[in-house]
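Undergrad: One structure coming up, written as structure tokens, with questions to follow.
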Amino acid sequence: MIQAHEEGILTSTSLMVSGDAAQEAIALAKNHPHLAVGLHLVLVCGKSVLPPAQIPNLVDSQGNFSNNPTQAGLSYQFNQATRAELRLEISAQLEKFRDSGLNLAHVDGHLHLHVHPVILNILTEFAAEFQIKFIRLPSEELSKNLKIDNRNLFTKIIWSIVFGQLRRYGEVLLKANQIKFADRVYGLLQTGDMSEEYLLGLIPQIEAELVEIYSHPDLVNTEINNGGEVELAALLSQQVREMLTVKGFKLSNYNQLI
1 MIQAHEEGIL
11 TSTSLMVSGD
21 AAQEAIALAK
31 NHPHLAVGLH
41 LVLVCGKSVL
51 PPAQIPNLVD
61 SQGNFSNNPT
71 QAGLSYQFNQ
81 ATRAELRLEI
91 SAQLEKFRDS
101 GLNLAHVDGH
111 LHLHVHPVIL
121 NILTEFAAEF
131 QIKFIRLPSE
141 ELSKNLKIDN
151 RNLFTKIIWS
161 IVFGQLRRYG
171 EVLLKANQIK
181 FADRVYGLLQ
191 TGDMSEEYLL
201 GLIPQIEAEL
211 VEIYSHPDLV
221 NTEINNGGEV
231 ELAALLSQQV
241 REMLTVKGFK
251 LSNYNQLI
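For the sequence shown, the positions run 1 to 258 when full-length UniProt numbering is used.
Written as structure tokens, this is what we have:
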């Protein structure tokens, strides 16, 4: 992450405050003041900030959220006890981020569960208290993606439909609460393979003005992130940087837009 920021085009990152390496990440961020940091809200496939006894409907006895995002989403939608505990945990994660001393550039979420209507409404209710100015709303055109890479067609169609509906709901809600969001956010449909080749094919097609492109760079591929090396190489690519310049894009981050 730091290499991609210092040597490449990375301008922003997200922090999982309940992650094992959170304190190390906070220290690194403070040593790189031009790197904007947002909250990566974790409500599935991860650990809670609050103790399990305080949110027994959300996590197991070890403090682990469900590993099934569909199951979790249904519970958050229809279980009143779970919804009450969601407020507590979301508040706790926002509080822990604030305690880090970092400026909250934006909010996004693990597996994009933050755009779940229940969760997004809770975030808007906390916006004034925690100074939430930007929230990520995934938004990319399926046709542009398929021109470059037509693999995983069925999955991409489903994701486009589901997240398209969530995006439309989110736009109305965030506008009503004066919370900002990017015109386009690219990364969902090509998750794990935001390669140099892909970015060089995508950037010339982009027509929006305020655009976020996200990926998951890493020094080595892992079981969890098997595309990390490729995505790091893309962020370090001089060709990608030059393409952005040629197409009139200026590197920025949410802190600079607040």
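We treat Cβ as the ideally placed atom computed from N, Cα and C, and that holds for glycine.
Let me know the secondary structure DSSP gives Phe65 once reduced to three states.
TA: Residue state, collapsed to three classes: strand.
Undergrad: Going by DSSP, name the residue or residues bridged to Tyr198.
TA: Beta-bridge pairing links Tyr198 to no other residue.
Undergrad: With Glu242 as the anchor, note down where its alpha helix (DSSP H) starts and where it stops.
TA: 238-246
Undergrad: Does the pairing of the segment 182-200 with the segment 155-172 give three or more beta-carbon distances under 8 Å?
TA: yes
Undergrad: Should Gly46 and His110 be called a contact, given that it needs their Cβ atoms to be closer than 8 Å?
TA: Result yes, Cβ atoms of Gly46 and His110 sit closer than 8 Å.
Undergrad: By how many angstroms is the C-alpha of Ser143 removed from the C-alpha of Ala29?
TA: 36 Å
Undergrad: Could you say which of Met243, Arg98, Glu197, Pro117 lies nearest to Val162 if we only look at CA atoms?
TA: When only C-alpha atoms are compared, the closest one is Pro117.
Undergrad: Using a Cβ distance threshold of 8 Å, determine whether the segment 47-56 contacts the segment 30-38, with at least three qualifying pairs required.
TA: No: fewer than three Cβ pairs fall under 8 Å.
Undergrad: Helix or strand or just coil, what does DSSP make of Asp108?
TA: strand
Undergrad: Tell me the rounded alpha-carbon separation between Ser252 and Thr11.
TA: 6 Å
Undergrad: Quick one, are the C-beta atoms of Asp218 and Gln190 less than 8 Å apart?
TA: no
Undergrad: Please report the Cβ distance between Leu86 and Leu120, rounded to the nearest whole angstrom; I am assuming they are in contact, meaning their Cβ atoms lie under 8 Å.
TA: Leu86 to Leu120, Cβ: 11 Å. No contact.
Undergrad: If you reduce the DSSP assignment to three classes, tell me which class Ala208 lands in.
TA: When secondary structure is reduced to three states using DSSP, Ala208 falls in the coil class, being assigned neither helix nor strand.
Undergrad: If we ignore side chains and look at the alpha-carbon of each, how far apart do Gln80 and Glu6 end up?
TA: 46 Å
Undergrad: Could you name the residues of the same chain whose beta carbon sits closer than 8 Å to that of Glu209, not counting the 5 residues immediately before and after it, in chain order?
TA: Asp183
Undergrad: Alpha carbon to alpha carbon, what distance is there between Ile26 and Glu141?
TA: Rounded to whole angstroms, Glu141 and Ile26 show a C-alpha spacing of 34 Å.
Undergrad: So, at 7 Å on beta carbons, what are the nonlocal neighbours of Ile203 in its own chain, with the 5 sequence-adjacent residues on each side left out?
TA: Cβ within range, chain order: Met243, Leu244, Lys247.
Undergrad: So for Ile90, helix, strand or coil by DSSP?
TA: DSSP places Ile90 in helix when its eight states are reduced to three.
Undergrad: Within 10 Å of its beta-carbon, does Leu128 have 16 or more other beta-carbons around it, so buried, or fewer, so exposed?
TA: The residue asked about is misnamed: residue 128 is Ala in this sequence, not Leu. Ala128 comes out exposed.
Undergrad: Expressed to the nearest angstrom, what Euclidean distance is found between the alpha-carbon atoms of Leu88 and Ala21?
TA: 23 Å
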